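Encoded as structure tokens, the structure appears first; notes follow it.
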Amino acid sequence: MHRTDRSGPGTGLRAGLSDSGAGFRTNRPAVQRKGRQGLKGHSDGLLSEFRSREVTQSRRLIIVGNGGAAVHAVRAARAAGHQGPIHMISDAAGPAFNPMLAPYFLAGKIPFEACFPFGKDFYEDHHVTCDFGVPVAALDALNREICLGNNKRIFYDRCLVATGASPILPKIPGLRHSPRIFSLRTPRDTIRLHATLARAKKALILGASMIGIKLAQILMDHGMTVTIAEVAERVLSSAAHPVCSSFLARKIREKSVDLRLGCTLDHIDEGAGKLACHFTDDRSLETDLCLVAAGVHANTGFLDPCQVALDEGILVNERLESSAPGLYAAGDVSQGPNPVSGGKKLIGLWDNACCQGRTAGANMAGDDTLYLGTIPHHVSTFFGVTFLHLGDVHRRGDHVRILTNRTSVDGTFHVLVFDRAVLVGVNSLNAVQNAGMLKSAIMQKLHWSDDLNLPLENPTQTQIERILTSLRTPRF
Ligand SMILES: Cc1cc2nc3c(=O)[nH]c(=O)nc-3n(C[C@H](O)[C@H](O)[C@H](O)COP(=O)(O)OP(=O)(O)OC[C@H]3O[C@@H](n4cnc5c(N)ncnc54)[C@H](O)[C@@H]3O)c2cc1C
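So this is what it looks like as structure tokens:
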């Protein structure tokens, strides 16, 4: 049996692009289908298969984490018919939080409660036992045993690690957890930052990342003067092609952001209600707050790398299984197959976390479901520009061709990256209407017809349209 599930996470707000290119395949094991028939028949064979299904369904499932990946895993396990115990463990108290919605709350667009899209009744409704407010301190994958921060020990038959990621705090003297230094990931981070919005006048943001730039816009809308310091020589260094980065940097500076590229913070002195931020180029800046948006690291600290294969995250296959038997990983902590490169990539996106959680939950319950992976994809609007990133815009090699149109009169801008005739990456500004189609083209490795004979530099909008039309028509 094959199933393709393209439903989104259902938060009610735009959760990035639809997962048009990704899909699920379900191959329910014969034992499950036969098990159901076994209820009617009475042969020994069918009865033993029914018992085997009963064993599967009474497995003890543990889910570590309480974010999008974790919640979707619980739903999927119950939907797959799992009737045995499900135990969730999270270091945070309270219902599941969606970090992606925190900027909308800070911008005053949604109430704080809307950042908890699954509600507090989810756990009772799904018959889940909760250990919330206490972290997992260690996981022994050989003995299938979890040790909590309060020394409680729990055994599992199947365990999902869905512990997400945490903001990186660069090792810079004076940059530490303090009332004036912020990052944004948890409900607590969100409340702290929100409480300071009305008071602070000047902010330093470390990192011209997607989150850093989005937050710069929000802080400016609250009347703050904002400096962004970025170590790299350009903005959005992982999501944007250099040509697109410089265009965006101009746009950001036009909005009066003090954008400092190639700029490294040396140390911070804290005192008299202010932060004195000193940079390696001898410049200094006095601010009310410093917001760190310099990337994240996967929360894998409680795992033993001798027991579980780790890279940037927990390495998983298309079933979301790690290298350790019975141990799965999903969401921002997992590094799964990348359908385009063929390698494994950590993709920190909400819909990816939810799709992975669903696949892992179904498989832990005895299904055989595959998640074929997705590509990096972002749509974000800041400083009057809608930015689109799809796939790999940094591909290098003799066969790579990069097509840009940077002088469009209508304010749109495209960078299309081809490897031979295959589209592998896209940046667009103010032109997201083709995003779903382009994402599918990348995922499906569709070919661009060479006989279009277009210039690689500065094609007109009409010529870009011809390329997009050509991509809609697969040529194999
Ligand atoms: C500010 C911001 C904006 C974003 N914007 C977007 C966007 O526009 N589009 C998009 O697609 N994505 C966006 N994201 C990313 C998206 O929010 C994540 O990809 C998604 O939330 C990942 O879900 P998850 O379940 O894997 O992890 P998380 O939501 O981080 O959940 C992890 C869970 O594990 C728990 N945990 C951690 N360590 C332990 C431990 N040791 N023991 C027990 N529990 C533990 C945590 O408390 C939490 O409950 C954004 C993220 C941020 C921070």
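Just so you know, we're using my numbering here: the sequence shown kicks off at 485 and counts up by one.
No residue lacks a Cβ here, since even glycine has one placed at the ideal position from N, Cα and C.
These numbers were taken from a predicted model, which means no experiment stands behind them.
Q. Less than 6 Å between the CB of Asn550 and some heavy atom of ligand 2, yes or no?
A. In the structure on display, ligand 2 does not appear, and the ligands it does have are ligand 1.
Q) Tell me which same chain residues have a C-beta within less than 6 Å of the C-beta of Ala577, skipping the five on either side of it? A) Phe616, Gly617
Q) Can you name the start and end residues of the alpha helix (DSSP H) that Val555 belongs to? A) 552-563
**Q.** heavy atom of ligand 1 below 6 Å from Ser806 C-beta
**A.** no
Q | Residue from Asn550, Leu585, Val645 with nearest C-alpha to Ala814 | A | Val645
Q.
Quick check: does the Cβ of Val620 come within less than 6 Å of any heavy atom belonging to ligand 1?
A. yes
**Q.** Beta-carbon proximity of Phe596 to Phe589, cut-off 7 Å
**A.** yes
Q: Assign Arg950 to one of three DSSP states: helix, strand, or coil.
A: helix
Q.
DSSP three-state label for Cys963, please.
A. Past the edges of the chain, shown from 485 to 960, lies residue 963, and the structure says nothing about it.
Q. Does DSSP classify Asn911 as helix, strand or coil?
A. strand
Q. If you follow the beta strand (DSSP E) that Tyr812 is part of, which residue opens it and which one closes it?
A. 811-813
Q.
Using a 10 Å radius around the Cβ and a threshold of 16 neighbouring Cβ atoms, would you call Leu545 buried or exposed?
A. buried
Q.
Rounded to whole angstroms, what is the Cα-Cα separation between Val906 and Leu930?
A. 6 Å
**Q.** Boundaries (first-last residue) of the alpha helix (DSSP H) holding Pro651
**A.** Per DSSP, Pro651 belongs to no alpha helix (DSSP H); it is in the beta strand (DSSP E), 649-651.
Q | Rounded Cβ spacing between Phe731 and Phe897 (contact assumed at less than 8 Å) | A | 6 Å
Q | Beta-carbon proximity of Val817 to Asn847, cut-off 7 Å | A | no
(Q) So for Cys774, helix, strand or coil by DSSP? (A) strand
Q. Can Gly820 and Gly857 be called in contact, C-beta distance under 7 Å?
A. yes
(Q) Please report the distance separating the alpha-carbon of Gly505 from that of Gly691. (A) Confidence at Gly505 is low in this model, with a pLDDT of 32, below 50, so the placement of that residue is unreliable and no value is reported for it.
Q: Please state whether DSSP places Asp750 in a helix, a strand or coil.
A: strand
Q) Would the beta-carbon of Leu833 be found less than 6 Å away from any heavy atom of ligand 1? A) yes
(Q) Can you tell me whether Cys747 is buried or exposed? The criterion is at least 16 other CB atoms within 10 Å of its CB, across all chains shown. (A) buried
Q: Report whether the distance from the Cβ of Arg842 to the nearest heavy atom of ligand 1 is below 6 Å.
A: no
(Q) Taking 6 Å as the cut-off, is the C-beta of Thr764 nearer than that to any heavy atom in ligand 1? (A) no
Q.
Please report the distance separating the alpha-carbon of His878 from that of Ser722.
A. 8 Å
**Q.** Between the CA atoms of Leu668 and His873 - distance to the nearest angstrom
**A.** 22 Å
Q. Run through DSSP, which three-state label would Phe867 get?
A. coil
(Q) Please classify Thr964 as buried or exposed, where buried requires at least 16 neighbouring CB atoms within 10 angstroms. (A) Since the first residue of the chain shown is 485 and the last is 960, residue 964 is not available in this structure.
(Q) For a test of the three-state rule: what should DSSP assign to Arg734, helix, strand or coil? (A) helix
Q) Leu799: beta carbon under 6 Å from a heavy atom of ligand 1? A) no
Q) Can you give the beta carbon distance from Leu773 to Thr680, rounded, assuming they're within the 8 Å contact cut? A) 6 Å
Q: For Ile573, verify whether its CB is less than 6 Å away from any heavy atom of ligand 1.
A: yes
Q: State the Cα-Cα distance for the pair Gly522 and Gly565, rounded to the nearest angstrom.
A: Caution is warranted here: a pLDDT of 34 is assigned to Gly522, below 50, making its placement in the model unreliable, and the coordinate value is therefore given only provisionally. Near 16 Å, if we compare the C-alpha coordinates of Gly565 and Gly522.
Q: Verify the contact flag: Leu745, CB atom, against every heavy atom of ligand 1, threshold strictly below 6 Å.
A: no
Q: Assuming His883 and Asp851 form a contact by the criterion Cβ under 8 Å, report the distance between their Cβ atoms to the nearest whole angstrom.
A: Not quite, the Cβ-Cβ distance comes to about 40 Å (not below 8 Å), so this is no contact.
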